[in-house]
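Chains as they are written, first to last, in the UniProt record's numbering: chain W, 1 to 379; chain X, 1 to 273. Cβ coordinates follow ideal geometry from the N, Cα and C atoms, glycine included.
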C-alpha cells in the first residue's frame with residue numbers, strides 16, 4: 001500500500017479506571033488514509049482507546065504519536081482529530097448550519113468562509129435545505145450526517161468514529177456504511193472506527209483491530225482476521241462459534257487429528273500455526289460445514305469429518321440451518337437441502353475453514369462455547 | 001353519577017381551603033385596593049403613587065440588579081461544578097454553596113447588619129489590612145446591603161437548579177465542543193448555558209418573586225427611604241391601619257411579579273413552538 005506508515009502510532013498504551021485495568025500494552029500503527037476498525041464486545045476497552053486517542057482521557061502509560069509528534073499531553077483540539085459521537089452530541093439550541101460551522105467559528109474564520117464551508121458540507125452529505133433546522137427536527141440519518149459534517153468541516157487529518165451507526169435503523173445503516181466508506185476514501189482522511197458489529201467492521205475497514213479485555217487480540221485485514229484468526233477468541237468473535245475438542249499430533253508440516261468419539265481421523269496442514277501435540281480446540285462456522293448422510297464417503301485426509309445426529313432444522317434464508325448433536329455437544333451446520341431431525345449425518349469441515357487452537361488451560365469457557373450440557377466444561 | 005358525586009366530595013376540602021384561605025382573601029384585597037371609605041375609586045392608588053413612586057422604582061431596580069447578579073453567580077457556580085477539572089475544588093464548592101439556602105432571611109439580615117455596618121467586620125478587616133483609612137469607612141447598610149443579602153441568600157437556590165440541569169446534560173455535547181477547540185468559558189457560554197436557559201429562567205423568576213415578598217431584609221438593613229414595597233405595606237398597616245393603600249401597594253407588587261411570570265410563559269411557549 002502506498003500510504004506512509006506510522007502516521008498515527010500508539011505505543012505501549014495502558015489505561016486504568018480505579019483499580020480496573022481497562023487497556024493494556026496497546027501498540028498500533030495506523031497509516032495515513034487508512035480506515036481502521038476497533039472491534040470488540042462491550043467492555044473490551046475500544047471506546048476508552050478512542051477517547052484516549054482523542055485526548056478526552058489520559059493514558060496511565062504509553063504514548064500517542066501523530067506524524068512522529070508526541071500528542072500524549074496535548075488537549076483534544078490540538079491533535080488534528082475530530083470525533084463523531086455515538087449519540088451525535090449535536091447542540092440542540094443551534095441550527096444545522098450553526099452546528100456544522102461551530103468549529104470554524106472557534107477558529108475565528110470569517111463569516112463568509114464559514115457559510116461557504118457549511119454549504120459545501122451540506123452538499124457533500126446531502127443536507128441541502130436543512131441549514132435552518134434544529135437537530136430535534138431531523139431524522140436519525142440526518143442527525144448522523146450533521147454530526148459527520150461538523151467533524152469534517154474543520155478539515156481534520158484524522159476522523160474518529162464512536163459507533164456512529166449504532167443508532168440508525170438497520171436498513172439505513174447498511175447504506176450509510178458504504179457512503180461513509182466512500183466518503184473517507186474520497187477525502188483521503190485517516191479514520192478510526194469503533195464498533196461491536198463485525199460485519200460493519202469487515203465491510204468498512206482496511207484493517208480490523210480486535211480487542212479482548214483491554215488487549216489487542218489480533219490486527220489484520222478483514223480477510224486475515226476472518227480466515228486466519230490468531231486465537232480462539234478471535235475465531236469465536238468472527239463467527240466460528242462451533243467448538244469441538246479434539247486431539248492430535250504434530251507431524252512435520254501437518255497436524256494429524258486422532259480419531260475421537262465423534263470424529264474420524266484427519267489431517268490439516270500446519271501453515272505456521274503454533275500448535276502442539278495434545279488436545280486442541282477446533283472451531284468452524286456453520287456455513288463452512290458440509291452435511292452429508294452418514295456413510296457417504298467424503299474426501300478423506302483434508303479437514304475433518306464428524307458423526308452426528310440432526311436435532312432441529314430451520315430456514316433462515318438461502319440455506320438450511322441444522323442443529324447437529326455431536327456426542328455431548330451441539331453445533332450448527334448449514335446445508336443446501338434439509339435433513340430431517342433424527343437423521344444420522346456426517347459433518348465435513350474442510351481444512352481451510354477449520355481453526356485449531358492448542359488448549360493448554362482448557363479455556364473454552366471464556367468464549368461462546370456451544371456446549372449445551374450445562375455445567376460441563378469441555379476440554 | 002354517584003361515583004362522580006363522590007369524587008367531587010373528595011376534592012371538596014382541598015378546594016374549600018384554596019377558595020377560602022387563598023382566593024377569597026386575594027380577591028378581597030384586590031377589591032379593597034379600589035375602595036375608599038366604602039365607595040369605589042382610585043384614591044388609594046393616587047395616594048400610593050404620590051407617596052411611594054420612588055419606592056416602587058427602588059424595589060424594581062434593587063430586585064433587578066439582584067436577579068442579574070444571582071444569574072451570573074449561579075451560572076459561574078453551576079459551570080464550575082460541571083466543567084471544573086480540579087476534583088477537590090469541585091467537591092468543596094459542591095458542599096459549600098448550598099448553605100445560605102438554609103438560613104432564614106431574618107438571620108441573613110442580622111448577620112449582614114453586623115458585617116456591613118460602619119464599625120462592622122468588613123470595615124474592620126479592611127482597616128486592619130490597611131486597605132482603607134478609618135475615616136473612609138462607610139456603612140453598606142443601604143441599597144447595597146439589600147442587594148448583597150438577596151444575592152447571598154438566593155444564589156444557592158438558583159445555582160442548585162442550574163447545576164442540576166447542567167449535570168443532566170449530555171456530556172458528549174460538551175466534549176464535542178472541546179474536541180473542536182472551544183475553551184471552557186466558551187463551552188459554558190455557548191454550549192452549556194443555552195441548554196439550561198429554561199431552568200435558569202425559572203430559577204430567576206422564582207427568586208424574583210421571593211425577593212418581592214421579603215420584609216425582614218429591608219427592615220433590618222435599610223431603615224430609611226427609599227425602601228422596598230414590603231416595608232411600606234407593613235408600615236401602612238401597622239402604623240396607620242390603612243388597609244386601602246396597603247392593598248394598592250400589594251396589587252402593584254402582584255402586577256410586577258406576574259409580569260415576570262408572563263415573560264417566562266411567553267418564552268416557554270416560544271420554546272415549544
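Practice task
Report the residue ranges of all beta strand (DSSP E) runs contained in full by the segment 274-331 of chain W; include only those spanning at least 3 residues, in chain order.
Solution key: Every beta strand (DSSP E) of 3 residues or more that sits fully in the segment 274-331 of chain W is shown, in chain order, as 278-284, 290-293, 304-314, 320-326.
Exercise for the section: Let me know if residue 59(X) comes out buried or exposed under the rule of 16 or more other beta-carbons within 10 Å of its beta-carbon. Expected result: buried
Exercise for the section: Can you tell me which of 94(W), 42(W), 128(W), 117(W) puts its alpha carbon nearest to the alpha carbon of residue 154(W)? Expected result: 117(W)
Problem - Chain-ordered chain X contacts of residue 226(W) [CB-CB under 8 angstroms] - result: Within chain X, no residue comes near residue 226(W); the closest Cβ sits about 32 angstroms away, beyond 8 angstroms.
Practice task
Work out the CA separation of residue 101(W) and residue 134(W) for me, nearest whole Å.
Solution key: 14 angstroms
Practice task
Locate the alpha helix (DSSP H) running through residue 336(X), then write down its first and last residues.
Solution key: As displayed, chain X neither begins before 1 nor continues past 273, which places residue 336(X) out of reach and without an answer.
Handout entry: Proximity of residue 216(W) and residue 28(W) at Cβ, strictly below 8 angstroms
Key = yes
Handout entry: Amino acids of chain X, ordered along the chain, whose beta-carbon sits closer than 9 angstroms to that of residue 267(W)
Key = None at all; the shortest Cβ gap to chain X is about 54 angstroms.
Exercise for the section: Using the Cα positions of residue 130(X) and residue 137(X), report the straight-line distance between them to the nearest angstrom. Expected result: 12 angstroms
Handout entry: residue 182(X) at chain W interface by Cβ criterion, 8 angstroms
Key = Between residue 182(X) and chain W, the shortest Cβ-Cβ separation is below 8 angstroms.
Problem - Where residue 112(X) falls, given that 16 or more other Cβ within 10 Å makes a residue buried - result: buried
Exercise for the section: Put residue 82(W) into one of helix, strand or coil per three-state DSSP. Expected result: If DSSP states are grouped into helix, strand and coil, residue 82(W) belongs with the strands.
Problem - Test: residue 100(W) CB closer than 8 angstroms to a CB of chain X - result: no
Exercise for the section: Residues of the segment 178-208 of chain W with a CB closer than 9 angstroms to any CB of chain X: list them in chain order, please. Expected result: none
Practice task
Mind the definition here: the segment 21-31 of chain X touches the segment 215-224 of chain X only if three or more C-beta pairs lie below 8 angstroms; say whether that holds.
Solution key: no
Handout entry: Same chain, Cβ closer than 6 angstroms to residue 130(W), five either side skipped, listed in chain order
Key = 96
Practice task
Run down chain X in chain order and give the residues with a C-beta less than 8 angstroms from the C-beta of residue 83(W).
Solution key: 175, 176, 179
Problem - CB contact below 8 angstroms: residue 7(X) versus chain W - result: no
Handout entry: Between the CA atoms of residue 92(W) and residue 38(X) - distance to the nearest angstrom
Key = 57 angstroms
Practice task
Take residue 263(W) as the anchor and find which of 305(W), 270(W), 292(W) has the nearest alpha-carbon.
Solution key: 305(W)
Handout entry: Length of the line joining the Cα atoms of residue 269(X) and residue 45(W)
Key = 44 angstroms
Problem - Close Cβ partners of residue 343(W) (< 6 angstroms) along its chain, the five nearest in sequence each way excluded - result: 310
Exercise for the section: Whole angstroms is fine: what's the gap from residue 314(W)'s alpha carbon to residue 320(W)'s? Expected result: 6 angstroms
Exercise for the section: Throw me the rounded Cβ distance for the residue 271(X) and residue 198(X) pair, which I believe falls under 8 angstroms. Expected result: 6 angstroms
Exercise for the section: Spell out a yes or no on whether the segment 205-214 of chain X and the segment 149-160 of chain X are touching, meaning 3 or more CB-CB pairs, one atom from each, closer than 8 angstroms. Expected result: yes
Exercise for the section: For residue 194(X), return the contacting residues in chain W, with the cut-off set at a CB-CB distance below 9 angstroms. Expected result: 91, 92, 93, 94
Practice task
State the start and end residues of the unbroken alpha helix (DSSP H) segment that holds residue 124(X).
Solution key: 121-128
Exercise for the section: Just the chain W side, please: which residues come within less than 8 angstroms of residue 170(X) by C-beta, in chain order? Expected result: 87, 89
Problem - Nearest candidate by alpha-carbon position, reference residue 226(W), set 352(W), 51(W), 87(W) - result: 352(W)
Exercise for the section: State the DSSP-derived secondary structure class of residue 3(W), mapped to helix, strand or coil. Expected result: Low per-residue confidence applies at residue 3(W): pLDDT is 47, beneath 50, and the placement is therefore not dependable enough to give any value.
Problem - Euclidean distance between Cα positions of residue 180(W) and residue 186(W) - result: 10 angstroms
Handout entry: Paired residues, beta bridge with residue 219(W) - DSSP
Key = 209(W)
Exercise for the section: Determine the chain W residues that contact residue 189(X) at a beta-carbon separation under 7 angstroms, and present them in chain order. Expected result: Within 7 angstroms Cβ-Cβ: nothing; residue 189(X) doesn't reach chain W, min ~12 angstroms.
Problem - Simplified DSSP assignment, three categories, for residue 347(W) - result: strand
Practice task
Give me the Cα-Cα distance between residue 52(X) and residue 190(X), rounded to the nearest whole angstrom.
Solution key: Between residue 52(X) and residue 190(X), the C-alpha separation is close to 42 angstroms.
Exercise for the section: Answer with yes or no whether the minimum CB distance from residue 54(W) to chain X is below 8 angstroms. Expected result: yes
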